[in-house]
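Chemist:
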Amino acid sequence: MNWFYAVGQQQQGPVTEEQLQALVKDRVVTGDTKVWREGMADWQPYSVVSGGAAGTVLCAECGKAFSADEVVRFGDRSICAACQPTFAQRMQAGAVTTGAPDYATFGSRFGAKMLDGLILMVVNVGLGVVVGMATESREQKPVVIVIVMALMVLVQLLINFSYGIFFLGKFGATPGKMACKIKVVRPDGSPLGYGRACGRVFAEMLSGMICYIGYIMAGFDEEKRSLHDRICDTRVIKKG
Ligand SMILES: [Zn+2]
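The following block contains the structure:
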């Protein structure tokens, strides 16, 4: 007997009973997921199909439906009484994680920041040297030198901003963060995209302006959020 299930507006399947169970374990199918198979008059929430009422929770181990007070929460998983001993054993053995992300330590974030700072310093100083040599060699008027310098500062600012926006938007991590094996994600683990990356780069300026208190906040937050993480609703996690 093959099952179909709905993800958003899209119908998925057919899958076998076993595959459906596996999807429940992977939390692709939850109690609220609409499912259907031949012989059913209408699509039903999976919790109803698996024997519970609407709104019941599914055990992440056996996939059966239970009321909320019959299960124990482990991170983002609900486990029924029957499955708790085996689940606890597997968790102790390190076979399962509770779903709470592994947030990046303050130290690794600091290291990443230093590396990025170093990279940008080399680029900016390099640019300064090139521009300096170019203007010097032609004995320019002072006003020309001032304009060139102002333009250079503008270009350097642009480089600093684009560096963060490009790398965070495209990879979720600047080269410094990549080297420290950390990355920036949304609370659900999804990528932040260019728009939010841009917002985060500017929010980070704020963290720096208030004597770096915005950065230090990450050390005291249980989700290790800096001020710019709070503003942009992002988290910094350890990569894989
Ligand atoms: Zn169970």
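Using the working numbering, the letters of the sequence shown correspond one by one to residues 98 to 337. Think of the CB as a built atom: it goes at the ideal place given N, C-alpha and C, for glycine as much as any other residue.
(1) Are the beta-carbon atoms belonging to residue 245 and residue 228 less than 8 Å from one another?
(2) Suppose only complete runs of 4+ residues qualify. What are the alpha helix (DSSP H) ranges in the stretch 249-298, listed by chain order?
(3) State the start and end residues of the unbroken alpha helix (DSSP H) segment that holds residue 182.
(4) Pull up the distance between the alpha-carbon of residue 157 and that of residue 171, whole angstroms please.
(5) Mind checking residue 160: buried by the 16 CB within 10 Å criterion, or exposed?
(6) What residues in its chain sit with their C-beta under 6 Å from that of residue 224, if we drop five residues either side in the sequence?
(7) Under 8 Å: do the stretch 273-280 and the stretch 307-316 share three or more Cβ pairs, one atom per stretch?
(8) State buried or exposed for residue 264, treating a residue as buried only when at least 16 other CB atoms are found within 10 Å of its CB.
(9) Any heavy atom of ligand 1 closer than 7 Å to the Cβ of residue 161?
(10) Is it the case that the CB of residue 177 approaches a heavy atom of ligand 1 more closely than 7 Å?
(11) Taking the C-alpha atoms as reference points, what is the distance between residue 137 and residue 121?
(12) Count the CB pairs spanning the stretch 311-328 and the stretch 201-214 that are closer than 8 Å, and state whether there are at least three.
(13) Under a Cβ-count criterion, where at least 16 other Cβ atoms within 10 Å of its own Cβ denotes burial, should residue 324 be classed as buried or exposed?
(14) Whole-angstrom Cβ separation of residue 140 and residue 190, contact assumed at under 8 Å?
(15) CA-CA distance, residue 135 and residue 115?
(16) Are the Cβ atoms of residue 142 and residue 129 separated by less than 8 Å?
(17) Tell me whether residue 132 is buried or exposed, calling it buried when 16 or more other Cβ atoms sit within 10 Å of its Cβ.
Modeler: In brief:
(1) In terms of Cβ geometry, residue 245 and residue 228 form a close pair [threshold 8 Å].
(2) 272-276
(3) Start and end: 181-189.
(4) 10 Å
(5) buried
(6) none
(7) no
(8) Sixteen is the threshold: when 16 or more other Cβ atoms of the shown chains lie within 10 Å of the Cβ of residue 264, as they do, the residue is buried.
(9) Yes, ligand 1 has a heavy atom inside 7 Å of this Cβ.
(10) yes
(11) 20 Å
(12) The stretch 311-328 is in contact with the stretch 201-214.
(13) buried
(14) So it is not a contact: roughly 38 Å between Cβ atoms.
(15) 16 Å
(16) yes
(17) Classification of residue 132: buried, given that the 10 Å Cβ count is 16 or more.
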